[in-house]
Amino acid sequence: MSESTTVEKSIDQETTTNTNPIQFISLISRTDRPLYIQAFNIDDDALKTTTNKETTTTATNANANKFLKFNFLSHMALDIFASPSSLSLREQQSQSQHQQSKGGSGGAGDISTILLFIQDQVMVYGYETNNGLKIVVGLDQNYLIDQKSLDKLFLDVHKCYLRTIFNPLNSIANDGSGDAADDGEILLQSSTFDKNIKNLVSSYV
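Below you can see the structure in the form of structure tokens.
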């Protein structure tokens with residue numbers, strides 16, 4: 010009996026440690042305007058299953074605080090992209106991609122992400138595309154990063170962005186004006202784009 014209990018505990022512990030490490034994903038325009046941010050691992054189940062009003066309020070506040078935290082981290086990443094050190098980041102990206110291409114380990118469309126900073130046990134990685142779009146991903150610091158998988162996630166997020174922006178069926182992009190329309194800010198708030206990003210996150214682990 011005790012052996013069975015031990016096995017059950019070990020399974021529970023393994024399940025806990027295998028939760029998705031991605032904390033948030035955000036996209037920032039070439040004009041440094043936040044276009045999209047989505048937080049993950051927010052405890053929605055607590056809100057659905059609890060019947061205690063006080064507990065519900067506590068869970069809601071905790072989720073709100075977590076989202077605000079990720080929003081703050083996204084703005085910290087933006088500050089780094091906008092700082093003079095961002096040139097060094099671009100050089101690191103370019104050098105890493107060149108080494109991948111030279112070594113034959115990289116394929117067409119491969120990218121190289123950079124660790125921007127670590128704050129509150131969240132590792133914040135970033136990548137700036139050729140047209141100035143910044144992609145930011147926050148991961149649990151306790152997670153062992155596989156660089157190739159992480160680079161692929163960034164690449165897939167970028168592809169998802171491009172498919173959404175250049176989809177001819179999304180004629181709504183032509184209804185706006187200025188930078189917001191050019192960057193597809195309106196389109197990125199759609200449930201379809203949000204669902205596609207969530208699917209990428211779900212398949213990451």
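Numbering (the working numbering), first residue to last: 10 to 214. Every residue gets a Cβ at the ideal spot worked out from N, C-alpha and C, and that includes glycine.
Within 10 angstroms of the Cβ of residue 147, are there 16 or more other Cβ atoms? Answer buried if so, exposed if not.
Counting Cβ neighbours within 10 Å, residue 147 comes out buried, since at least 16 surround it.
Are residue 125 and residue 91 closer than 8 Å when you measure CB to CB?
Going by C-beta atoms, residue 125 is not nearer than 8 Å to residue 91.
Do you know offhand how far residue 77's Cα is from residue 49's?
Distance between the alpha carbons of residue 77 and residue 49: 12 Å.
In this structure, how does DSSP classify residue 130 when only helix, strand and coil are distinguished?
DSSP places residue 130 in coil when its eight states are reduced to three.
Run through DSSP, which three-state label would residue 55 get?
Bear in mind that the predicted position of residue 55 carries a pLDDT of just 44, short of 50, making it unreliable; the figure below should be weighed with that in mind. DSSP places residue 55 in helix when its eight states are reduced to three.
When DSSP labels each residue in this structure, what does residue 154 get in the three-state scheme?
Correct three-state label for residue 154: coil.
Provide the residue span of the beta strand (DSSP E) that contains residue 206, from first to last.
From DSSP, residue 206 is part of no beta strand (DSSP E) but of the alpha helix (DSSP H) over 200-211.
Which residue or residues does DSSP assign as beta-bridge partners of residue 149?
In the DSSP output, where bridge partners are listed per residue, residue 149 has 131.
May I have the straight-line CA-CA distance separating residue 29 from residue 84, to the nearest angstrom?
Cα to Cα, the separation comes out at about 23 Å.
Mark residue 69 as exposed unless 16 or more other C-beta atoms lie within 10 angstroms of its C-beta, in which case mark it buried.
Label assigned to residue 69: exposed.
Using the beta-carbon count (16 or more within 10 Å), is residue 142 buried or exposed?
With 16 or more other Cβ atoms within 10 Å, it is buried.
Using the C-alpha atoms, what's the distance from residue 82 back to residue 133?
Roughly 8 Å separates the two Cα atoms.
To the nearest angstrom, how far is the alpha carbon of residue 207 from that of residue 199?
When rounded, the distance between both Cα atoms is 13 Å.
Could you give the C-beta distance for residue 51 and residue 210, rounded to a whole number, given that I count them as a contact under 8 Å?
Actually they do not touch by this definition, with Cβ atoms about 12 Å apart.
The beta strand (DSSP E) that contains residue 37, what's its start and end?
Start and end: 31-37.
State the Cα-Cα distance for the pair residue 165 and residue 74, rounded to the nearest angstrom.
Between residue 165 and residue 74, the C-alpha separation is close to 28 Å.
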